[in-house]
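Inspection log for the structure reproduced underneath, given as structure tokens.
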Ligand SMILES: Cc1cc2nc3c(=O)[nH]c(=O)nc-3n(C[C@H](O)[C@H](O)[C@H](O)COP(=O)(O)O)c2cc1C
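In the numbering used here, the protein residues as written are 5 to 421.
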């Protein structure tokens, strides 16, 4: 029986998130004290050795990113940016951290700043997350009052401060380079990569961008050490991960578990199975930019590389469950509508391509089984073209769900009532 193991959510539900003393009483800010006495390279090494990978979706090694930002220059202006845009459908983990334990994120950002040598930070929060915005702002004010932010932090001579900035509802603004454009006050259009943010980020300065959940792990790694963190999870995916389960399950919600558990355990033990007690038909892993898997993936190991080996994705940790009678065509249409709506329009392949994919998905409704297979095949073909020719990762997203649908559910889609 799978049980939760809370690391990023260690204080969630146990403290008053608006009271810094509650956070401190559970060991909060003691990792910051420790980090301030460590050489910056030791902080970065600890993150690297912990094997933590970015929890925003891409799973990029966190230590590598910190290292690149730390060494790019020693005496220059740098920034730490927390990505709290959380736009991926089915994902609501960062919101839980910000609403229930905002100081873990603030402490993580200060530790990150000390490691890479940054003097200023921004938390870019999705504009509709009213409670998160309020609580993170309050936490910043309290941290300033207690001397954890601002000049000469805890007498160490280190300066770092944080401001909150709001997203305006664009999914693409969660993509790190587009987020930087938005933070600079420009329209949310993507930038071409490279250069990467570690080299040339916010206002052209080296910038470390990490997701909320990633940063919330920093204090625990500094407190308990890399070896302890690595003892959780599996070889290529260490630690824990927050999964958000929704759809046709008895107990939708957020669950933090060790990496390396099985998909079926998450759905059955924590999500308490499907509403009708029958095997589920499909699970969409990683949200709209993710992959569909069938029930036979119940034993799939939830880790970045293990899932990829099986043609699936972990992404942000969203798991959307479709029951045995849940029609898939409306889900396909809803995903295509999402991408069409969120395409920023800057590059033609994505602007025209996402529109075409949506129009094609609508044709599935009244088509015959043979026509449906042809439409799906055409959508996969066109989505591949869009992925190849688009400027940014948004255009590379629709292919994932479409290819996995064709591989596992072509028959279901063709014969759906
Ligand atoms: C279209 C798109 C939307 C994204 N939205 C988010 C988001 O809302 N939150 C997030 O943390 N990362 C998001 N990402 C991933 C970021 O670009 C980036 O990888 C992440 O912020 C890095 O932090 P991490 O290494 O801690 O995961 C998105 C990526 C793409 C392509």
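Cβ coordinates follow ideal geometry from the N, Cα and C atoms, glycine included.
This structure is a prediction, so every number in the text was calculated from the model and none was measured.
> Is residue 167 helix, strand or coil by DSSP?
Replying inline: In the structure shown, residue 167 sits in a strand (DSSP, three-state: E or B).
> How do the stretch 308-322 and the stretch 280-295 stand: do at least 3 beta-carbon pairs fall below 8 angstroms, yes or no?
Replying inline: yes
> Within this structure, are the beta carbons of residue 151 and residue 248 separated by less than 8 angstroms?
Replying inline: no
>> For residue 199 and residue 80, what's the separation of their Cα atoms in angstroms?
In response: The alpha-carbon of residue 199 is positioned some 17 angstroms away from that of residue 80.
>> Given this structure, state the Cα-to-Cα distance separating residue 314 from residue 304, to the nearest angstrom.
In response: 8 angstroms
> DSSP on residue 210, reduced to helix/strand/coil?
Replying inline: Coil at residue 210, not helix or strand.
>> Just to confirm, is the Cβ distance from residue 19 to residue 37 under 8 angstroms?
In response: no
>> At 4 residues or longer, what runs of the alpha helix (DSSP H) sit wholly inside the stretch 12-83?
In response: Correct list: 24-29, 34-41, 44-54 and 66-75.
>> Quick check: what's the CA-CA separation for residue 26 versus residue 102?
In response: So the alpha carbons of these two residues sit roughly 15 angstroms apart.
>> Pull the bridge partners of residue 245 from the DSSP assignment, please.
In response: 261
> residue 266 bridges to which residues according to DSSP?
Replying inline: 305
>> Please tell me whether residue 215 and residue 307 are closer than 8 angstroms, where the distance is taken between their beta carbons.
In response: Against a cut-off of 8 angstroms, the Cβ pair of residue 307 and residue 215 comes out as no contact.
>> Would you call the stretch 264-284 in contact with the stretch 383-398, where contact means no fewer than 3 C-beta pairs closer than 8 angstroms?
In response: no
>> Could you check whether the stretch 59-79 touches the stretch 137-154, counting it as contact only if at least three pairs of C-beta atoms, one from each stretch, sit closer than 8 angstroms?
In response: no
> How long is the line joining the alpha carbons of residue 266 and residue 65, rounded to whole angstroms?
Replying inline: Rounded to the nearest angstrom, the two C-alpha atoms are 22 angstroms apart.
> What do you reckon, is the C-beta of residue 64 under 7 angstroms from a heavy atom of ligand 1?
Replying inline: yes
> In whole angstroms, what separates the C-alpha of residue 380 from that of residue 252?
Replying inline: Taking the Cα positions, residue 380 is about 25 angstroms away from residue 252.
>> Taking the beta strand (DSSP E) that residue 324 belongs to, which residues open and close that run?
In response: 322-326
> Does ligand 1 have even one heavy atom less than 7 angstroms from the beta-carbon of residue 244?
Replying inline: False, no ligand heavy atom lies under 7 angstroms from that Cβ.
>> Counting only C-beta atoms, is residue 378 closer than 8 angstroms to chain C at any point?
In response: The question asks about chain C, but that chain is absent: this structure has only one protein chain.
> Any heavy atom of ligand 1 within a distance shorter than 7 angstroms of the CB on residue 398?
Replying inline: yes
> Could you give the residue range of the beta strand (DSSP E) that holds residue 293?
Replying inline: Neither: residue 293 is in no beta strand (DSSP E) and is coded neither H nor E.
>> When you compare the stretch 70-87 with the stretch 204-211, are there three or more beta-carbon pairs, one atom per stretch, that lie closer than 8 angstroms?
In response: yes
>> Please state whether the Cβ-Cβ distance between residue 98 and residue 21 is less than 8 angstroms.
In response: no
> Comparing alpha-carbon positions, which option in 299, 276, 224 and 45 lies nearest residue 443?
Replying inline: The structure shown does not extend to residue 443, since the chain spans only 5 to 421, so no value can be given for it.
> Buried or exposed: where does residue 70 fall if 16 or more other Cβ atoms within 10 Å of its Cβ makes it buried?
Replying inline: buried
> Can you name the start and end residues of the beta strand (DSSP E) that residue 196 belongs to?
Replying inline: For residue 196, no beta strand (DSSP E) segment is defined, and its DSSP state is neither H nor E.
> Taking 7 angstroms as the cut-off, does the CB of residue 213 come closer than this to any heavy atom belonging to ligand 1?
Replying inline: yes
>> Between which residues of its own chain and residue 227 is the CB-CB distance below 8 angstroms, once the five residues before and five after are set aside?
In response: 31, 34, 35 and 38
>> Can you look up residue 150 in the DSSP assignment and give me helix, strand or coil?
In response: The DSSP-derived three-state label of residue 150 is coil.
>> To the nearest angstrom, how far is the alpha carbon of residue 363 from that of residue 409?
In response: 17 angstroms
>> Less than 7 angstroms between C-beta atoms, sequence neighbours within five positions excluded: which residues of the same chain meet that for residue 17?
In response: The answer, listed in chain order, is 104.
> In terms of residues, what are the limits of the beta strand (DSSP E) holding residue 157?
Replying inline: Looking at the DSSP string, residue 157 is not in any beta strand (DSSP E), and its letter there is neither H nor E.
> Can you name, in chain order, every residue of its own chain whose Cβ lies under 7 angstroms from the Cβ of residue 135, other than the five neighbours on each side?
Replying inline: Sequence-distant partners of residue 135 (beyond 5 residues in either direction) whose C-beta falls short of 7 angstroms from its own C-beta, in its chain, are 103.
>> So residue 261 and residue 245 are supposed to be a Cβ contact under 8 angstroms. How far apart are they, rounded?
In response: 7 angstroms
> Can you tell which of 368, 96, 204 and 395 has the C-alpha that lies nearest to the C-alpha of residue 77?
Replying inline: 204
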